[in-house]
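Numbering (my numbering), first residue to last: 16 to 487. Even for Gly, the Cβ is constructed at its ideal location relative to N, Cα and C. Comments concern the structure below.
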């Protein structure tokens, strides 16, 4: 594993001499239907082709976020390939006519800009999964790379309306604008499952959607029912498709975040990684889990690979900074967090994590400015309450703590405990953590590694809490 803060950038393009061999970015396929409402379909097919290629261990397949971001600038193929640090680009278009789908694809050499291979394939909608795998196979052959398997992707469907509902759900889930969008995604996954109860990918996606709603929007009394439903959906996905990485990932996430079961989630995360280590999204969630479970080397190796596959995704850099922060590498954590903000100035919890690092480095005025810039009230208010107390302004500190309690209530119990711990009120902090555990506050997944709780670590009550969660 590479060490030091600069290691997070060592896999970026140029630092090791240019593009990775047999690396490819799949750019968004153009929607030629003439109907903007069909964009979800072309986006979904692009992602499925990308997923089929990523199952080939001989290829390095760039993730969707970076591929889409690079193509949005309207640059030529050579410039896009250079920006992403890949050897090849796959571009294409999709056109639907009744039950026939036409996909045109072109593989371009990123160094010369010349076409390496192109083809147009017509298939019935009922053969859509076979079409995705056929394109992946032809691309691999053009690169003289043997596909690891000719088997179709696990967990799919031959029911066209179910598949279309699944793609609509995924487009809504990826948009992640607000609670209404997430619930609309869940409704589309429910439609897909109603049309085909054996559609494992839809069950896995439904699990992730339920868990996201629980983590982001649920009231205390809604947490357990939502997470129970998420676990059941993930278990159904795995029963239908034991080799579906997304099913194992969904189960691990729901067990870890919803039931705070660190050890119980481990087999699911490990299996998801084994099946999906070419998928940057899986790598990021696996890395974050490992960081919280005190598997630092595994976390660092996974996040480095995720950065290599998704170099323009701000969430990947935020995760990298979070991992360094949890490992007490405060100075090193700031660089990837700055990179996350450069890619998306509005991303949540990046300013606050920088504030935490600066606070623990003793740079209090800079920490206060970072907290003040944080857009998410949960992290802004707790950070300001801590730094103002450290700066000696107890009146301001209490004002921010009062706002945290008034505006967010029990959904912010974990953050209230962080504030109390940093204020030196150990008994109150421990009592608040115990309340947080009683209601299932997902913030407790940070318990074993959170620097803000370091003042509590020698307390017997804290040790008992760690042991109760099998984190001791």
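By the C-beta density criterion, residue 86 is buried, having at least 16 other C-beta atoms within 10 angstroms. DSSP, read as helix, strand or coil, puts residue 417 in helix. Annotation for residue 103: the continuous beta strand (DSSP E) segment containing it runs 101-112. Straight-line spacing of the CA atoms in residue 39 and residue 68 works out to 9 angstroms. Straight-line measurement puts the Cα of residue 171 at about 6 angstroms from the Cα of residue 216. No Cβ-Cβ contact shorter than 8 angstroms links residue 105 with residue 160. When rounded, the separation of the alpha-carbon atoms in residue 117 and residue 103 is 22 angstroms.
By the C-beta criterion, the region 459-472 is judged not to be in contact with the region 377-396, since fewer than 3 inter-stretch pairs fall below 8 angstroms. For residue 122, the number of other beta carbons within 10 angstroms of its own is at least 16, and it is reported as buried. Residue burial is scored here from C-beta neighbours: residue 479 has fewer than 16 other C-beta atoms within 10 angstroms and is therefore classed as exposed.
Under the DSSP assignment, residue 148 falls in the alpha helix (DSSP H) whose first and last residues are 143-157. Listed in chain order, the non-local C-beta contacts of residue 435 below 7 angstroms within the same chain comprise 443, 444 and 447, local neighbours out to five positions each way being set aside. In this structure, DSSP gives residue 362 a state outside helix and strand, which the three-state scheme calls coil. Going by DSSP, residue 457 is part of no beta strand (DSSP E) at all; its letter is neither H nor E. Exclusion of the five residues before and after residue 345 leaves 372, 375 and 376 as the residues of its chain whose Cβ lies within less than 6 angstroms of its Cβ.
If you compare the alpha carbons of 289, 220, 486 and 59 with that of residue 276, the shortest gap goes to 486. Within the model, the alpha-carbon separation for residue 298 versus residue 253 is close to 19 angstroms.
Closest by C-alpha distance to residue 355, out of 370, 335 and 195, is 335. Judged by their CB atoms, residue 260 and residue 300 are not nearer to each other than the 8 angstroms cut-off.
For residue 130 and residue 200, the gap between their C-alpha atoms comes out near 37 angstroms.
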